[in-house]
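J.:
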Amino acid sequence: MSVLDKYGPEVQRVNADAPIQDIIALLKRDGGVFVKGLVFEADVDKAYDECRARLDSDVEWSGDFFPSNLLALSPTYARSQVMNQVYQQVVDHFLTTRSWFWWGTERKESVSKPYLHSCTAMRIGPGGKAQPLHRDDYISHNIHTNINKWDDERDVNRESAVGLFVAGSKVTKENGGTQFIQGSHLWGSERGPPRVEDCVFAEMEKGDAFIMLASAYHGGGTNSTKDQYRLIFATFSIRGFLRQEENQFLA
Numbered sequence: 032m033s034v035l036d037k038y039g040p041e042v043q044r045v046n047a048d049a050p051i052q053d054i055i056a057l058l059k060r061d062g063g064v065f066v067k068g069l070v071f072e073a074d075v076d077k078a079y080d081e082c083r084a085r086l087d088s089d090v091e092w093s094g095d096f097f098p099s100n101l102l103a104l105s106p107t108y109a110r111s112q113v114m115n116q117v118y119q120q121v122v123d124h125f126l127t128t129r130s131w132f133w134w135g136t137e138r139k140e141s142v143s144k145p146y147l148h149s150c151t152a153m154r155i156g157p158g159g160k161a162q163p164l165h166r167d168d169y170i171s172h173n174i175h176t177n178i179n180k181w182d183d184e185r186d187v188n189r190e191s192a193v194g195l196f197v198a199g200s201k202v203t204k205e206n207g208g209t210q211f212i213q214g215s216h217l218w219g220s221e222r223g224p225p226r227v228e229d230c231v232f233a234e235m236e237k238g239d240a241f242i243m244l245a246s247a248y249h250g251g252g253t254n255s256t257k258d259q260y261r262l263i264f265a266t267f268s269i270r271g272f273l274r275q276e277e278n279q280f281l282a
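When you line the sequence shown up against our numbering, it's residues 32 to 282, in that order.
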């Protein structure tokens with residue numbers, strides 16, 4: 032009996048204490064999974080308080096994607112999200128790289144553990160525009176072949192990064208919840224373009240999380256409300272031999 036037999040075909044919402052093997056299996060099937068109550072609301076609020084001054088001072092600018100240094104700004108974010116045990120177990124499973132080599136007559140194993148890729152806090156207000164659908168692993172030039180189903184032996188090195196999105200507020204389709212195409216992590220690089228009508232929306236309560244493989248097509252949605260701000264924390268980890276999007280050692 033497969034661990035997936037107890038789950039329906041749609042993108043799943045599991046509790047934070049769900050078996051880690053279930054979460055991993057759902058990610059291999061769908062490319063993303065919701066985890067309810069992954070982070071305590073008190074920790075989410077404290078993380079927001081620790082970086083709020085930076086967000087409040089934000090103005091239009093022509094710099095990089097988002098301001099840097101979230102990791103240094105918020106110890107609570109680092110502890111409760113970056114180092115979250117569920118997320119770390121997922122990251123370790125998908126992004127640990129193992130290879131073998133000869134040292135003289137001795138056959139040895141080389142292990143590269145994942146490390147932190149990027150840390151972002153996003154507060155998107157009314158009128159915020161949707162992102163084009165994209166894969167986040169384009170930054171590492173990850174080229175995919177089309178597959179019908181995940182195979183543990185063949186696909187052990189398929190993923191280059193894994194993301195964690197934590198809701199800092201109630202997230203709805205109307206205020207721009209992330210759009211996500213279920214199963215698109217199985218697509219080859221030549222397939223496309225991705226279509227918004229194939230998306231599901233990452234609707235969450237504060238403290239809920241969406242864990243996603245970086246090969247899945249997704250994009251932030253349009254905030255069509257008049258008075259709601261969507262607060263999301265986004266964390267990505269990457270294989271240890273690839274370049275980080277933000278140098279976290281200097282953050």
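Yeah, the Cβ is synthetic: ideal placement off N, Cα and C, and Gly gets one too.
State the Cα-Cα distance for the pair ASP80 and SER111, rounded to the nearest angstrom.
T.: 14 Å
J.: Looking at the secondary structure, which residues open and close the alpha helix (DSSP H) in which ALA103 lies?
T.: 101–104
J.: Can you tell me which of ARG189, GLY250 and PRO157 puts its alpha carbon nearest to the alpha carbon of HIS172?
T.: Ranking the options by Cα distance to HIS172, first place goes to ARG189.
J.: Spell out a yes or no on whether the segment 266–280 and the segment 211–224 are touching, meaning 3 or more CB-CB pairs, one atom from each, closer than 8 Å.
T.: Note that the segment 266–280 does not touch the segment 211–224; fewer than 3 beta-carbon pairs, one per stretch, sit closer than 8 Å.
J.: In terms of residues, what are the limits of the beta strand (DSSP E) holding ALA152?
T.: 146–155
J.: Measuring alpha carbon to alpha carbon, tell me which of VAL197, PRO145, GLY208 and GLN210 ends up nearest LYS237.
T.: VAL197
J.: Report buried or exposed for SER141, applying the criterion of at least 16 other Cβ atoms within 10 angstroms of its Cβ.
T.: exposed
J.: Who are the Cβ neighbours of ILE55 in its own chain at under 6 Å, not counting the five residues just before and after it?
T.: HIS124
J.: Using a threshold of 9 Å, state whether the C-beta atoms of ILE263 and THR209 are closer than that.
T.: yes
J.: In chain order, what residues of the same chain lie with their CB nearer than 8 Å to the CB of ASP48, ignoring the 5 residues before and after it?
T.: Counting only Cβ-Cβ distances below 8 Å, and skipping sequence neighbours, we find nothing.
J.: Do you know offhand how far TRP181's Cα is from GLN275's?
T.: 26 Å
J.: Please state if the CB of ASN46 and the CB of VAL75 are separated by a distance shorter than 9 Å.
T.: Result no, Cβ atoms of VAL75 and ASN46 do not sit closer than 9 Å.
J.: Report the rounded CA-to-CA distance for ARG21 versus ALA73, giving the unit in angstroms.
T.: The first residue shown for the chain is 32 and the last is 282, placing residue 21 beyond what the model contains.
J.: Between which two residues does the alpha helix (DSSP H) containing ILE51 stretch?
T.: 51–61
J.: Which runs of the beta strand (DSSP E), 3 residues or longer, sit entirely within the segment 208–272?
T.: 240–244 and 261–269
J.: According to DSSP, is LEU86 part of a helix, a strand, or is it coil?
T.: helix
J.: Looking only at its chain, what residues have a beta carbon closer than 7 Å to the beta carbon of ASP95, apart from the 5 residues adjacent to it on each side?
T.: Only weak support is given to the placement of ASP95: the predicted model assigns it a pLDDT of 45, under 50, and the value that follows is read from those uncertain coordinates. Same-chain partners within the cutoff: there are none.
J.: Which residues mark the beginning and the end of the alpha helix (DSSP H) in which VAL122 is found?
T.: 116–126
J.: Just checking my contact of VAL42 with VAL64 at CB under 8 Å: how many whole Å lie between their CB atoms?
T.: 7 Å
J.: Label ALA265 either buried or exposed according to how many other C-beta atoms from any shown protein chain fall within 10 Å of its C-beta, with 16 as the threshold for buried.
T.: Burial state of ALA265 is buried, judged by a 10 Å Cβ sphere holding 16 or more other Cβ atoms.
J.: Which of the three DSSP states, helix, strand or coil, is assigned to GLU137?
T.: strand
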